[in-house]
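Participant:
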Amino acid sequence: MDLKTVTGDQGNLTVTLEKHPRYVDPTKCTGCGVCLEACPIRYEVQLPEVEHAARTAYAQATDEQVVAGIIDSYREERGNLLPVLLDINRHFNWLPRPALEHVSAELKTPLTEILRVASFYNAFSLVPRGKHIVNVCLGTGCFVKGSTRLLDELERKLGIKHGQTTEDMLFTLEVVRCIGCCALAPALRVGEDTFGRVVPGQVSKIIDSYTKTASL
Amino acid sequence: MKITSLAQLEDIKKQGLKLTYPDKIKIMVGMATCGISAGADKVWRALAEKIDALKLDVALEKTGCIGFCQREPLVDVVYPKKVRLSYQAMTPEKAGQLVEALAAGEIFSDNTLCRIDEEEFLMEGVKRPYANPHPPELPAEVPNYQDLPFFKKQVKIALRNCGFINPERIEEYIARGGYKGLHKVLTKMTPEEVIAEVKASGIRGRGGAGFPTGVKWEFARQAPGEIKYIICNADEGDPGAFMDRGILEGDPHAVIEGMAIGAYAIGANEGYVYCRAEYPLAIKRLKIAIAQAEELGLLGDNLFGGDFSFKLKIREGAGAFVCGEETALIASIEGKVGEPRPRPPFPAQSGLWGAPTIINNVKTWSHIAPILIRGADWYGSLGTEKARGTTVFALVGKVNNTGLVEIPLGISLREMIFEIGGGIAGGWKFKAVQTGGPSGGCIPEEFLDTPVDYESLGALGSIMGSGGMIVMDERDCMVNVARYFVDFTKDESCGKCTPCREGTLRLMEMLTDITEGRGQEGDLDKLVKMSELIKKTSLCGLGQTAPNPVLSTIKYFREEYEAHIQAKKCPAKVCKPLITFQVDEEKCIGCQLCRLKCPAEAIEGAKKVVHRVTQEKCIKCGTCFEKCKFAAIMVE
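Top to bottom, those sequences are chains S and V. Everything in the first sequence is counted per my numbering, starting at -5 for the first residue and increasing by one. Everything in the second sequence is counted per my numbering, starting at 186 for the first residue and increasing by one.
In structure tokens, the structure reads:
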């Protein structure tokens, strides 16, 4: 710690200090692991400032009630973190930060642990996703029947790569490892609608049908 | 009403039989995910609207998948006192015509797939024939379904009710002998007798590893502890497999009954079905089934009025392949990150929340009730000495007949692919069959006469796995397939142990180099060495089997790897950096079709002028090759 400035008079001084990161003294460390357990930012996902600012409060007043309702419906169950997160993810299409903080406080689970779970499973998203989630199946059955070409076509059509969301927040393009529709490969899913035996030429029409319903 | 006696179960059975076989015409639509994706929901709407418009008194029901997904959407019509007919590839238009024919009192004979002359009631060991299987108005060439090569060699135990009952109605399950197994076990057998029967049947875990189910149950039975758990592994993460989805969507009660029997055997009062979230319809039907079973007192407290209680809950997965591994699955139910842990202790000793836990796959559970009703000897008479009974495969890829197939263990791969599967689609040549998903291997033509069982497939460097069987033809590049599977395991590796996390990444880098023309001499030895290391040192099954696709393809398709590395060519013409598209000047007539369809605008040429591919612009999508009607596009 360095002393930077000292202002004021005797008995009423204002001191500015510069803190440095602390290091472990290897000669004293016994490897007990307590610091590791206690570290609050161990698993915390570090995000750019813009996204961080967007997450300090719920976007809508009703959101808090929704999340409270979801937490209540699983409160008595053992091992309820996953079902709670799945329902929140389903409601918002992603996991907003305030909701995670809410869950952390209610379920008495450290936020770090929640973020670790949320970043482990593919179903969860820590960034906002589009209204329609387009999933191209890359299971083996679909793969050998050419589903990568559907993906190419969708990337061209939507102008994004997989894992990204269109600017109008209408579509998020993702890949999924098998939706169990292998006998009708190649398959893709938009929201809850499944399409089988899709050829690249049909992709445009399928996407347009969702663009239309959105503009109505 | 809670059922407390066999007589009450029989009453429900009578109701169920009336619902399954009404006195009027019954139309059944195959409404599993496969059917719906082929358009079954549109067919359903068309049927309902037409029935409404014509004010016809018919029963319109949904059913699960009978297995023949290739021909979806499937619609079945039961003509009372006559026959049941299956219609294939139905469209809303055809559905309207079908209803009109029914209104006119005729038998609709378009789009017929087959007759169903009789239905087997597996639990009772009887066949229920239809009165007049071949009415004169039906064209003579419509075959009985058991004469179709696709169904001929199948023996349906796990799939016994799929496509025959409405999965959202417990009465129809009971009508076909459902919950009688549970009644028998609870009223007439001790847990030890149940375990002895399951052991005697010789059934082995159908999740892939093939551990004897009865032995595993016995461990859990003998493990100390008041609280024990039963889990159904429905986290079918294997890409290219959908057996579990088929069963859960078509016959969820078969799984529930099996689990209740298993719970009684090991002394558990609570169970979980861990189902992947990618199967929303399976979860929905399972929820309905559990609610119905609870209402009838077949789940919950004091089953059949006795002192055994069993509660069943559903847990949804969240998209992690590794959660199919039992210790990772348990961690996931506990609300944690799905990372495996070293065994022992095995879950049968210390599983969910530290209690003895039995995890079996969907297919295993659905076999339990028939084993207890029909007996271990009957079950043992199917299959081979070491692999008894039947198992379900998802036969997909480049075969003519794709779908769900249940066969006695021990039939050959050739029978599977060329008889049941009807051979390779489009007249192409067979190249390899892949079993066991990312943990399995690719088997070439010379081993097609190998029987399908745990040991034989293992000896070839593949595994039986949970039941994915993907057929590939000469247009599939085996290096690319190996790269695909490694890409999958690399993504799905949980990252806990180093050999799997880092090893799969290195394999991926080497395979990518080979498919992109940067392969070097000695790469194959490195691949093999790295693969062996990963196999020997990984923590769980995912890592221990992840190199199998690489090793098996190197073993059987070495020359294809060498072509990539030495000649920088992809013999199957798949790997984009190694191929070019060109126009054959002699064959091109300048029709402009390829030019108009090219998404990259890489083809130049005017009408009746030979076209040319601008290589700098070409994205190698293959559209021109497919669209050309004159075979004028050459791939080199």
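Positions of the beta carbon are idealized from the N, C-alpha and C atoms, including for glycine.
The beta strand (DSSP E) that contains Ala419 (chain V), what's its start and end?
Facilitator: In the second sequence, residue 419 (chain V) corresponds to position 234, counting from 1. Its beta strand (DSSP E) spans residues 414 to 419.
Participant: Kindly identify the DSSP beta-bridge partner or partners of Ala579 (chain V).
Facilitator: Within the second sequence, residue 579 (chain V) is the residue found at index 394, counting from 1. The partner list for Ala579 (chain V) (beta bridge, DSSP) reads V:Leu589, V:Gly653.
Participant: Could you tell me the alpha carbon to alpha carbon distance between Val111 (chain S) and Leu344 (chain V), rounded to whole angstroms?
Facilitator: Working through the first sequence from its first residue, we reach residue 111 (chain S) at position 117. Working through the second sequence from its first residue, we reach residue 344 (chain V) at position 159. Answer to the nearest angstrom: the Cα atoms are 36 Å apart.
Participant: Which residues of the region 156 to 182 of chain S have a Cβ closer than 7 Å to any Cβ of chain V? Give them in chain order.
Facilitator: Val170, Arg171, Cys172, Ile173, Gly174, Cys175, Cys176, Ala177, Leu178, Ala179, Ala181
Participant: Is DSSP giving His46 (chain S) helix, strand or coil here?
Facilitator: Here the question's residue 46 (chain S) lines up with position 52 in the first sequence. Residue confidence for His46 (chain S) is low, a pLDDT of 47 falling below 50, so the modelled location carries little weight; the figure read from the coordinates is stated next. Three-state result, His46 (chain S): helix.
Participant: How far does the beta strand (DSSP E) with Tyr457 (chain V) in it reach, from first residue to last?
Facilitator: Position 272 of the second sequence, counting from 1, holds the residue named residue 457 (chain V). It spans 455 to 460 - the beta strand (DSSP E) in which Tyr457 (chain V) sits, taken as one unbroken run.
Participant: Taking a contact to mean a Cβ-Cβ separation below 9 Å, would you say Val798 (chain V) touches Phe766 (chain V) in this structure?
Facilitator: As a position in the second sequence, residue 798 (chain V) is number 613, starting the count at 1. As a position in the second sequence, residue 766 (chain V) is number 581, starting the count at 1. In this structure, Phe766 (chain V) lies closer than 9 Å to Val798 (chain V) by Cβ.
Participant: Please report the Cβ distance between Arg423 (chain V) and Gly622 (chain V), rounded to the nearest whole angstrom; I am assuming they are in contact, meaning their Cβ atoms lie under 8 Å.
Facilitator: Taking the second sequence and counting its residues from 1, the one referred to as residue 423 (chain V) is at position 238. Taking the second sequence and counting its residues from 1, the one referred to as residue 622 (chain V) is at position 437. One detail in the question is off: residue 423 (chain V) reads as Asp in this sequence, not Arg. Right, their Cβ atoms sit about 4 Å apart.
Participant: Along the region 714 to 735 of chain V, where does the CB come closer than 7 Å to a CB of chain S? Name the residues.
Facilitator: none
Participant: Which residues in chain V have a C-beta closer than 7 Å to the C-beta of Asn6 (chain S)? List them in chain order.
Facilitator: The residue labelled residue 6 (chain S) in the question sits at position 12 within the first sequence. Going along chain V, no residue has its Cβ under 7 Å from Asn6 (chain S), so there is no contact; the nearest lies around 51 Å.
Participant: Compare the beta carbon distance of Val263 (chain V) and Leu283 (chain V) with 9 Å and say whether it is the shorter of the two.
Facilitator: For the purposes of this step, residue 263 (chain V) is taken as the residue at position 78 of the second sequence. For the purposes of this step, residue 283 (chain V) is taken as the residue at position 98 of the second sequence. No, the Cβ-Cβ distance between Val263 (chain V) and Leu283 (chain V) is not below 9 Å.
Participant: Closest Cβ-Cβ distance between Lys498 (chain V) and chain S: below 9 Å?
Facilitator: The sequence position of residue 498 (chain V) within the second sequence is 313, counting from 1. Interface residue, yes.
Participant: What separation, rounded to the nearest whole angstrom, lies between the Cα atoms of Ser141 (chain S) and Gln705 (chain V)?
Facilitator: Residue 141 (chain S) sits at position 147 when you count from the first residue of the first sequence. Residue 705 (chain V) sits at position 520 when you count from the first residue of the second sequence. Those two C-alpha atoms are separated by around 29 Å.
Participant: Counting only Cβ pairs nearer than 7 Å, list the residues of chain S close to Tyr272 (chain V).
Facilitator: Numbered from its first residue, the second sequence carries residue 272 (chain V) at position 87. Correct list: empty, because the minimum Cβ distance to chain S is about 17 Å.
Participant: Tell whether a beta-carbon distance below 9 Å holds between Gly652 (chain V) and Phe578 (chain V).
Facilitator: By one-based count along the second sequence, residue 652 (chain V) stands at place 467. By one-based count along the second sequence, residue 578 (chain V) stands at place 393. Taking 9 Å as the Cβ cut-off, Gly652 (chain V) and Phe578 (chain V) qualify as a contacting pair.
Participant: Give a yes or no on whether 9 Å exceeds the smallest Cβ distance from Tyr910 (chain V) to chain S.
Facilitator: Because chain V in this structure spans residues 186 to 821, residue 910 (chain V) falls outside the shown range and cannot be described.
Participant: From which residue to which residue does the alpha helix (DSSP H) around Thr683 (chain V) run?
Facilitator: As a working mapping, residue 683 (chain V) is identified with position 498 in the second sequence. Unbroken alpha helix (DSSP H) run through Thr683 (chain V): 683 to 700.
Participant: Quick one: which chain S residues come within Cβ less than 8 Å of Pro784 (chain V)?
Facilitator: Along the second sequence, read from residue 1 onward, the residue named residue 784 (chain V) stands at position 599. Near Pro784 (chain V) (Cβ distances below 8 Å), the residues of chain S are Glu147, Arg150.
Participant: Per the contact definition of three or more C-beta pairs closer than 8 Å, is the region 716 to 725 of chain V in contact with the region 676 to 686 of chain V?
Facilitator: yes
Participant: Going by other Cβ atoms of all chains shown within 10 Å of its Cβ, with 16 needed for buried, is Leu(-3) (chain S) buried or exposed?
Facilitator: Here residue -3 (chain S) refers to the residue found at position 3 when the first sequence is read from its first residue. By the 10 Å Cβ count, Leu(-3) (chain S) comes out exposed.
Participant: Would you please state the rounded distance, in angstroms, between the beta carbons of Val507 (chain V) and Pro525 (chain V)? I believe it to be under 8 Å.
Facilitator: Mapped onto the second sequence, residue 507 (chain V) falls at position 322. Mapped onto the second sequence, residue 525 (chain V) falls at position 340. With a Cβ gap of about 7 Å, Val507 (chain V) and Pro525 (chain V) count as contacting.
Participant: Determine the chain S residues that contact Asp661 (chain V) at a beta-carbon separation under 7 Å, and present them in chain order.
Facilitator: On the second sequence, residue 661 (chain V) is found 476 positions in, with the first residue counted as 1. By Cβ distance, chain S contributes Val138.
Participant: Got a sec? Which residues, its chain only, sit under 7 Å from Lys753 (chain V) by beta carbon, not counting five neighbours each side?
Facilitator: Within the second sequence, residue 753 (chain V) is the residue found at index 568, counting from 1. Excluding residues within five positions, the ones whose Cβ falls inside 7 Å are Gly702, Leu763.
Participant: State buried or exposed for Gln54 (chain S), treating a residue as buried only when at least 16 other CB atoms are found within 10 Å of its CB.
Facilitator: Residue mapping note: residue 54 (chain S) aligns to position 60 of the first sequence, counting from 1. Answer is exposed; the Cβ neighbour count stays below 16.
Participant: Is Gln193 (chain V) close to chain S? Criterion is C-beta to C-beta, closer than 9 Å.
Facilitator: Position 8 of the second sequence, counted from the start, is the residue given in the question as residue 193 (chain V). For Gln193 (chain V), the answer is no, since every Cβ of chain S falls outside 9 Å of its Cβ.
Participant: Quick one: which residues of the region 409 to 428 of chain V get their C-beta closer than 8 Å to a C-beta of chain S? List them in chain order.
Facilitator: Glu421, Gly422, Asp423, Pro424, Gly425, Ala426, Phe427
Participant: Note down, in chain order, each residue of its chain lying with its Cβ closer than 6 Å to the Cβ of Ile415 (chain V), except the 5 sequence neighbours on either side.
Facilitator: Numbered from 1 along the second sequence, position 230 holds the residue referred to as residue 415 (chain V). Contacts found: Met444, Gly447, Ala448, Ala453, Gly456, Ile543.
Participant: Contact criterion: CB-CB distance below 9 Å. Does Gly63 (chain S) meet it with respect to chain V?
Facilitator: Locating residue 63 (chain S) in the first sequence gives position 69, counting from the first residue. Taking Cβ atoms only, chain V never reaches closer than 9 Å to Gly63 (chain S), which makes this a no.
Participant: Would you mind stating whether Leu557 (chain V) and Val311 (chain V) have Cβ atoms separated by less than 9 Å?
Facilitator: Translated into the one-based positions of the second sequence, residue 557 (chain V) becomes position 372. Translated into the one-based positions of the second sequence, residue 311 (chain V) becomes position 126. The answer is no: Cβ separation not under 9 Å.
Participant: Where do the ends of the alpha helix (DSSP H) carrying Thr56 (chain S) lie?
Facilitator: What you label residue 56 (chain S) is simply residue 62 of the first sequence in a count that begins at 1. Where Thr56 (chain S) is concerned, the enclosing alpha helix (DSSP H) stretches over 55 to 68.
Participant: What span of residues does the alpha helix (DSSP H) with Arg91 (chain S) cover, start to end?
Facilitator: As a first step, residue 91 (chain S) must be located in the first sequence, where it is residue number 97. 91 to 101 is the span of the alpha helix (DSSP H), which, as asked, contains Arg91 (chain S).
Participant: Just to confirm before moving on: does the CB-CB distance between Met308 (chain V) and Arg559 (chain V) stay below 9 Å?
Facilitator: Working through the second sequence from its first residue, we reach residue 308 (chain V) at position 123. Working through the second sequence from its first residue, we reach residue 559 (chain V) at position 374. For Met308 (chain V) and Arg559 (chain V), yes; Cβs fall inside 9 Å.
Participant: Thinking C-alpha only, which one of V:Gln777, V:Lys267, V:Leu287, V:Pro352 is nearest Asp468 (chain V)?
Facilitator: For the purposes of this step, residue 468 (chain V) is taken as residue 283 along the second sequence, with counting starting at 1. Looking at the sequence shown, residue 468 (chain V) is not Asp but Ile. Nearest C-alpha to Ile468 (chain V): V:Pro352.
Participant: If you measure from the beta carbon of Cys773 (chain V) to each beta carbon in chain S, is any gap under 9 Å?
Facilitator: On the second sequence, position 588 is the one that residue 773 (chain V) refers to. No, its Cβ sits nowhere closer than 9 Å to a Cβ of chain S.
Participant: Can you give the Cα-Cα distance for Gly387 (chain V) and Gly565 (chain V), rounded to whole angstroms?
Facilitator: On the second sequence, residue 387 (chain V) is found 202 positions in, with the first residue counted as 1. On the second sequence, residue 565 (chain V) is found 380 positions in, with the first residue counted as 1. In this model, Gly387 (chain V) and Gly565 (chain V) are separated by some 7 Å (Cα to Cα).
Participant: Of all the CB atoms in chain S, is at least one closer than 9 Å to the CB of Asp676 (chain V)?
Facilitator: For this step, residue 676 (chain V) is matched to residue 491 along the second sequence. By this cut-off, Asp676 (chain V) is an interface position.
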